[in-house]
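Position 5 (the sequence shown) corresponds to 5 in full-length UniProt numbering; numbering is contiguous. Ideal placement from N, C-alpha and C gives every residue a C-beta, glycine not left out. This one's a predicted model, so the numbers in the text were calculated from it and none came from an experiment. For reference, the structure discussed in these notes is given below.
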Amino acid sequence: MPSTKQKKKQYETVKHTFEPVYDENSKILILGSFPSVKSREQAFYYGHPQNRFWKVIAKITGQEVPKTIEQKKRLLRSRHIAIWDVIDSCEIIGSSDSSIRNVKVNDIQSILKNSKIQAIYANGAKAYRLFQRYVTDVEGYPLHQLPSTSPANAAWDFERLCEAWKEIL
Numbered sequence: 001m002p003s004t005k006q007k008k009k010q011y012e013t014v015k016h017t018f019e020p021v022y023d024e025n026s027k028i029l030i031l032g033s034f035p036s037v038k039s040r041e042q043a044f045y046y047g048h049p050q051n052r053f054w055k056v057i058a059k060i061t062g063q064e065v066p067k068t069i070e071q072k073k074r075l076l077r078s079r080h081i082a083i084w085d086v087i088d089s090c091e092i093i094g095s096s097d098s099s100i101r102n103v104k105v106n107d108i109q110s111i112l113k114n115s116k117i118q119a120i121y122a123n124g125a126k127a128y129r130l131f132q133r134y135v136t137d138v139e140g141y142p143l144h145q146l147p148s149t150s151p152a153n154a155a156w157d158f159e160r161l162c163e164a165w166k167e168i169l
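Dropping the structure here:
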């Protein structure tokens with residue numbers, strides 16, 4: 001009998017289960033691709049302890065790194081930042097963005113209609129490409145690609161990430 005490590009990882013159909021964070025005063029929208037396994041377990045964005053998203057946002061805004069979901073929401077809202085993911089549901093193996101297939105996108109228009117979004121930022125190349133490929137009903141909003149805060153993006157150290165992410169301010 002093959003060990004757990006020897007078993008081929010299987011695709012699973014997964015639905016995004018938590019809401020976007022925004023309010024009527026949100027001015028920028030940061031989009032990820034799809035929540036990681038850790039984020040899905042925590043039911044909130046960027047839940048993997050090695051993901052640098054919250055550290056980067058705290059550093060560039062001069063705030064303390066938020067620990068709880070409520071602190072994270074407060075930080076975003078205080079800086080007029082909205083976050084969500086491009087994908088509502090897909091087939092995926094674990095947290096592997098490269099395995100994503102059979103995509104259904106989130107209704108990005110719902111945020112745009114109910115806020116003051118001026119620009120959209122993609123957290124990484126995958127989110128950028130997914131947006132360009134699948135989101136067809138959004139026009140008139142500049143789309144910017146930022147380097148991914150994922151631990152898989154080892155080419156970008158923390159200081160370099162922060163420098164690039166200052167663009168959202």
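- Taking all protein chains in view, the Cβ of K126 is crowded by 16 or more other Cβ atoms within 10 Å, so the residue is classified as buried.
- In the three-state reduction of the DSSP assignment, D88 falls in the strand class.
- For A164 against H144, the beta-carbon gap comes to about 10 angstroms, at or over 8 angstroms, which does not count as contact.
- Between the alpha carbons of D23 and K116 lies a distance of about 9 angstroms.
- In terms of CA proximity to V105, Y128 leads the group G94, E64, Y128.
- Boundaries around K73 are those of the alpha helix (DSSP H), 69–78, since no beta strand (DSSP E) includes it.
- Contact between the stretch 70–90 and the stretch 149–160 is absent, with fewer than three C-beta pairs closer than 8 angstroms.
- A distance below 8 angstroms between beta-carbons, with the five flanking residues on each side excluded, links I111 to the following residues of its chain, in chain order: P20, Y22, S26, L29, A82, W84, I117.
- Per the coordinates, the alpha-carbon of P35 lies some 16 angstroms from the alpha-carbon of I108.
- Between G140 and the set K55, A119, Q63, the nearest pair of CA atoms involves A119.
- Nearest to N51 by C-alpha distance, out of G62, E64, Q63, G32, is G32.
- Apart from sequence neighbours up to five positions away, the residues of its chain that approach V103 with a beta-carbon distance below 6 angstroms are I87, C90, Y134, ordered along the chain.
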